[in-house]
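**Q** Sharing a structure below in structure tokens format, with a few things to ask.
In my numbering, the protein residues as written are 36 to 613.
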């Protein structure tokens with residue numbers, strides 16, 4: 036590399052024609068070089084005369100032309116390389132100068148900070164010296180005044196020492212407790228959330244199942260007692276409970292049962308094999324956790340967990356909403372019963388002794404749990420008529436039920452208002468009711484029969500009045516815009532209509548006559564996903580490959596509707612032909 040640089044170093048113009056690098060201005064290699072004074076070669080008077088001479092200029096021009104012609108391309112390249120080398124060297128020196136300037140600026144700021152610190156130190160020293168001088172002047176005066184007061188201060192010193200000892204003893208004994216009651220601001224700690232993992236998800240589900248097992252077993256045993264699963268056990272429990280309530284030993288009995296349960300758990304933890312359960316426990320086989328799951332297994336696992344969480348959250352929401360609606364007078368006739376019961380309990384608690392109240396509540400709970408519930412579970416019709424708590428709980432509405440009721444009442448009012456206006460208006464004769472209702476049915480883009488270019492008699496069926504959202508996959512088309520279209524699918528008495536959601540023109544919509552369908556079946560678009568799929572494949576003579584209506588949430592409902600209407604139309608056409 037050095038040899039190549041030596042070869043191309045000064046093959047261009049002379050070094051004197053360029054500025055020295057030390058004298059060059061602080062500019063980058065991309066800036067304009069107007070400030071650089073380039074040495075222009077001076078021309079003598081003689082040369083000027085030769086140029087002006089009519090005979091001389093021709094010879095000079097010819098000589099220069101011959102020289103330019105003889106110059107080869109390699110010489111020009113060498114000249115350009117020399118210029119590049121000089122430019123790179125200048126850039127390097129400029130970068131060094133910039134670095135030095137930056138270091139100098141940092142040094143200046145540090146010097147300024149040091150000077151400020153020195154000034155502060157000097158000021159502090161002056162203040163300390165002044166304080167020391169003032170103290171030295173006060174000490175002799177204090178010594179002169181302290182001599183006559185030494186005897187009087189002796190008793191004060193003793194009292195001060197006693198107080199200091201008491202304070203030290205109190206702090207040694209109770210200092211830790213005093214520090215515990217010192218108020219401190221709460222620390223807001225944000226828990227880090229773990230990323231979604233199939234293995235972690237399965238492990239947490241198993242942990243939840245194992246943790247909830249004791250609670251579920253306790254509930255099963257209680258229901259077995261109430262259902263008289265074991266007649267002898269339920270009879271013994273009923274007799275013991277009623278006897279304890281009658282003699283006022285109900286609370287000691289429950290505490291004794293809790294102590295007995297803890298003792299049995301201690302023995303089981305020590306290795307004893309003790310099974311104290313009314314319902315025999317069934318050991319479920321534990322599947323070993325899989326290390327590597329496929330994509331379909333992970334997707335199915337997520338679906339299972341989501342379904343369980345959805346059902347659990349739904350049940351919890353129903354319970355909470357029913358309790359809220361009970362206390363918020365959503366149904367006054369139900370809340371009125373609770374209101375009267377609370378007033379009766381309040382008046383009884385004010386006038387009757389607590390022993391009689393506890394005896395009555397205990398006897399009612401035992402009879403209700405062991406006898407009444409057993410009869411009501413075996414006789415559902417009696418329960419629906421006379422079980423007041425069950426009737427109240429089942430009749431309490433949830434928020435979705437209230438919303439449905441309000442929508443139903445609004446729709447009924449609109450129907451009654453529309454029927455009155457329809458009766459009062461002058462409608463033309465000869466038009467049936469179905470034709471009139473179909474005329475007013477509209478989609479998002481206009482009237483139904485105008486969007487699909489159909490007759491006014493065609494209207495969606497009642498099942499799909501709002502349509503099913505889906506995507507149309509036309510595998511005969513090769514363009515991506517025509518291959519998949521998002522929209523809404525409708526079913527009429529004679530047609531299968533698809534309305535595209537992207538374009539307002541009717542060219543992108545699809546209308547299929549039900550009698551032209553050769554085959555219809557459920558279809559699975561992606562074979563990787565679990566389940567039977569979310570699509571419907573429809574075959575017609577005009578298409579080489581079946582048309583697929585995919586991504587349908589209510590696929591089964593849509594398939595049954597289309598298939599039933601298809602069978603109805605084909606059977607009617609065949610009977611008419613015969």
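The C-beta atom is built at its ideal place from N, Cα and C for all residues, glycine as well.
Fair warning: this is a prediction, and the values are worked out from it, not measured in the lab.
1. Within this structure, are the beta carbons of residue 543 and residue 535 separated by less than 7 Å?
2. Is residue 264 helix, strand or coil by DSSP?
3. Can you look up residue 497 in the DSSP assignment and give me helix, strand or coil?
4. Leaving out five residues on either side along the sequence, give the residues of the same chain with a beta carbon under 6 Å from the beta carbon of residue 572.
5. With C-beta atoms as the reference, is residue 260 less than 7 Å away from residue 360?
6. To the nearest angstrom, report how far apart residue 116 and residue 143 are at their CA atoms.
7. Apart from the five residues just before and just after residue 597, which ones in its own chain have a Cβ nearer than 6 Å to its Cβ?
8. Where does the unbroken alpha helix (DSSP H) through residue 591 begin, and where does it stop?
9. For residue 585, which beta-bridge partners are listed by DSSP?
10. CB of residue 349 to nearest heavy atom of the ligand FAD: below 6 Å?
11. If we count Cβ pairs, one from each stretch, closer than 8 Å, do we get three or more for the region 328 to 348 versus the region 235 to 245?
12. May I ask you to list the residues that DSSP assigns as paired with residue 531?
13. Below 7 Å between beta carbons: does that hold for residue 299 and residue 309?
14. Determine the extent of the beta strand (DSSP E) in which residue 570 is found, giving its start and end residues.
15. For the alpha helix (DSSP H) that contains residue 371, what are its first and last residues?
16. Per the DSSP calculation, residue 555 is bridged to which residue(s)?
17. Assuming residue 405 contacts residue 269 under a Cβ cut-off of 8 Å, what Cβ separation, rounded to an integer in Å, is found between them?
18. Quick one: Cα of residue 285 to Cα of residue 279, how far?
19. Quick one: Cα of residue 373 to Cα of residue 296, how far?
20. With distances taken from CA atoms, which of 375, 574, 507 is nearest residue 585?
21. State buried or exposed for residue 357, treating a residue as buried only when at least 16 other CB atoms are found within 10 Å of its CB.
22. For the alpha helix (DSSP H) holding residue 239, just list the boundary residues, first then last.
23. What's the C-alpha gap between residue 329 and residue 369?
**A** Reading off the structure:
1. What you label residue 543 is simply residue 508 of the chain shown in a count that begins at 1. What you label residue 535 is simply residue 500 of the chain shown in a count that begins at 1. Judged by beta-carbon spacing, residue 535 lies within the 7 Å limit of residue 543, meaning their Cβ atoms are closer than that value.
2. If you number the chain shown from 1, residue 264 lands on position 229. In the three-state scheme derived from DSSP, where H, G and I count as helix and E and B as strand, residue 264 is classed as coil.
3. Mapped onto the chain shown, residue 497 falls at position 462. Residue 497 carries a coil assignment under DSSP once its states are collapsed to helix, strand and coil.
4. Residue mapping note: residue 572 aligns to position 537 of the chain shown, counting from 1. If we look at residue 572 and ignore the five residues flanking it on each side, its Cβ neighbours are 556, 558, 581, 583.
5. Numbered from 1 along the chain shown, position 225 holds the residue referred to as residue 260. Numbered from 1 along the chain shown, position 325 holds the residue referred to as residue 360. The Cβ-Cβ distance between residue 260 and residue 360 does not fall below 7 Å.
6. Here residue 116 refers to the residue found at position 81 of the chain shown. Here residue 143 refers to the residue found at position 108 of the chain shown. In a straight line, the C-alpha of residue 116 is about 41 Å away from that of residue 143.
7. The residue given as residue 597 occupies position 562 in the chain shown. Result list for residue 597: 526, in chain order.
8. Translated into the one-based positions of the chain shown, residue 591 becomes position 556. Annotation for residue 591: the continuous alpha helix (DSSP H) segment containing it runs 590 to 612.
9. Here residue 585 is taken as the residue at index 550 of the chain shown, counted from 1. In DSSP, residue 585 forms a bridge with 506.
10. Only the bare structure without any ligand can be found here, which leaves the ligand FAD out of the picture.
11. With a cut-off of 8 Å, the region 235 to 245 and the region 328 to 348 count as touching, because enough Cβ pairs lie within range.
12. Here residue 531 is taken as the residue at index 496 of the chain shown, counted from 1. According to DSSP, residue pairing for residue 531 in a beta bridge involves 526, 547.
13. Here residue 299 corresponds to residue number 264 of the chain shown, with the count starting at 1. Here residue 309 corresponds to residue number 274 of the chain shown, with the count starting at 1. Contact annotation: residue 299 and residue 309 have beta-carbon atoms nearer than 7 Å.
14. Here the question's residue 570 lines up with position 535 in the chain shown. Segment 570 to 574, the beta strand (DSSP E) holding residue 570.
15. Numbered from its first residue, the chain shown carries residue 371 at position 336. Boundaries of the alpha helix (DSSP H) harbouring residue 371: 367 to 386, taken from the DSSP string.
16. Translated into positions along the chain shown, residue 555 becomes position 520. In DSSP, residue 555 forms a bridge with 573.
17. The residue you call residue 405 lines up with position 370 of the chain shown. The residue you call residue 269 lines up with position 234 of the chain shown. Yes, residue 405 and residue 269 are in contact; Cβ-Cβ is about 7 Å, under 8 Å.
18. The residue given as residue 285 occupies position 250 in the chain shown. The residue given as residue 279 occupies position 244 in the chain shown. Residue 285 and residue 279 have their C-alpha atoms some 5 Å from each other.
19. Position 338 of the chain shown holds residue 373. Position 261 of the chain shown holds residue 296. Cα-Cα distance, rounded: 36 Å.
20. Walking along the chain shown from the start, residue 585 turns up at place 550. Of 375, 574, 507, the smallest CA-CA separation from residue 585 is found for 507.
21. By 1-based counting over the chain shown, the position of residue 357 is 322. Buried, because 16 or more other Cβ atoms sit within 10 Å of the Cβ of residue 357.
22. The sequence position of residue 239 within the chain shown is 204, counting from 1. For residue 239, the uninterrupted alpha helix (DSSP H) run begins and ends at 233 to 246, by DSSP.
23. The residue given as residue 329 occupies position 294 in the chain shown. The residue given as residue 369 occupies position 334 in the chain shown. Residue 329 and residue 369 have their C-alpha atoms spaced approximately 53 Å apart.
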